[in-house]
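In this note's numbering, the protein residues as written are 5 to 259. Virtual Cβ for every residue (Gly too), placed ideally from N, Cα, C. These numbers were taken from a predicted model, which means no experiment stands behind them. Structure, as structure tokens:
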């Protein structure tokens with residue numbers, strides 16, 4: 005299995021606190037069947053301004069520490085980017101880059117309120133030939149409350165990554181319900197751990213995949229194909245089918 009979203013680099017964001025914790029996280033990931041894990045530290049302006057060259061140094065240190073600890077797992081580098089107009093400029097300067105040097109970039113937005121210019125920002129990102137993967141859409145309040153809100157992201161050509169923990173109920177019933185809906189609708193392109201620690205939000209994908217397969221029997225095969233295409237920097241076919249708005253009881257009787 006390949007985990008494209010984790011916070012395993014030590015002491016750089018709200019994930020691993022130190023190298024010791026990072027090694028423990030890698031051991032958990034390896035024991036759960038993960039063969040490749042992508043370190044995706046946050047880039048959030050004013051909070052975690054981790055430029056690619058800086059995290060590359062830490063990435064190399066973690067790889068060497070994993071070898072010393074005899075952990076046979078491949079560690080790739082990416083970033084989880086809070087997308088705003090400033091981040092777009094940093095993309096142009098290559099201070100922010102895609103996963104493992106590809107054109108695929110993990111992006112996020114605030115959980116509570118979607119910025120008015122969000123779709124314009126995604127459009128501008130694609131103009132730069134960067135393919136956006138929206139991290140954990142099932143956790144955004146505006147998608148939980150109105151799942152059809154994800155249709156705007158579909159129109160802009162986004163791919164979607166849900167957290168394994170979401171579908172397992174780790175973030176509560178509302179998030180779990182939304183995650184399951186997105187899986188049933190065939191919108192999910194990746195499942196990842198979004199691991200932050202060795203406790204509640206630890207690495208591991210197997211259980212999340214099992215839960216997802218109960219809703220979409222082909223999801224494992226589809227995600228494997230997407231991962232292969234992403235790491236080869238080839239174009240992933242996007243499901244452009246939108247979520248339909250449910251009719252109210254009054255609309256049903258109206259017809």
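With distances taken between CA atoms, residue 36 lies nearest to 207 out of 161, 207, 85.
Inter-residue distance for residue 47 and residue 81 is about 13 Å (C-alpha atoms, whole angstroms).
Within a 10 Å sphere around the beta-carbon of residue 38 sit 16 or more other beta-carbons, which makes this residue buried. Secondary structure remark: continuous alpha helix (DSSP H) runs of at least 4 residues inside the stretch 69 to 104, in chain order: 89 to 96. Linking residue 228 to residue 124 through their CA atoms gives a straight-line distance of about 30 Å.
For residue 136, the secondary structure class from DSSP, reduced to helix, strand or coil, is strand. Counting C-beta atoms within 10 angstroms of its own C-beta, residue 93 has fewer than 16 neighbours from the protein chains shown and is therefore classed as exposed. With three or more CB-CB distances shorter than 8 Å, the stretch 154 to 169 counts as touching the stretch 189 to 199. Residue 142 has its alpha-carbon roughly 27 Å from the corresponding atom of residue 14. Secondary-structure assignment with DSSP links residue 113 through no beta bridge to anything. Fully enclosed alpha helix (DSSP H) runs of no fewer than 4 residues occupy 223 to 235 of the stretch 222 to 253, in order along the chain. If you draw a straight line from the Cα of residue 5 to the Cα of residue 119, it comes to about 34 Å.
Straight-line measurement puts the Cα of residue 105 at about 21 Å from the Cα of residue 242.
A distance below 6 Å between beta-carbons, with the five flanking residues on each side excluded, links residue 19 to the following residues of its chain, in chain order: 11, 200.
Taking the CA atoms as reference points, residue 44 sits about 5 Å from residue 84.
DSSP places residue 193 outside both helix and strand once states are collapsed to three, so it counts as coil. The beta carbon of residue 115 sits closer than 8 Å to the beta carbons of 143, 144, 145 from its chain, once the five residues preceding and following it are set aside; these are given in chain order. Taking 7 Å as the cut-off, the beta carbon of residue 162 is found closer than this to the beta carbon of residue 138. With a 10 Å radius around the Cβ and a threshold of 16 neighbouring Cβ atoms, residue 244 comes out exposed.
Between residue 66 and residue 107, the beta carbon gap of about 24 Å keeps them out of contact (Cβ cut-off 8 Å).
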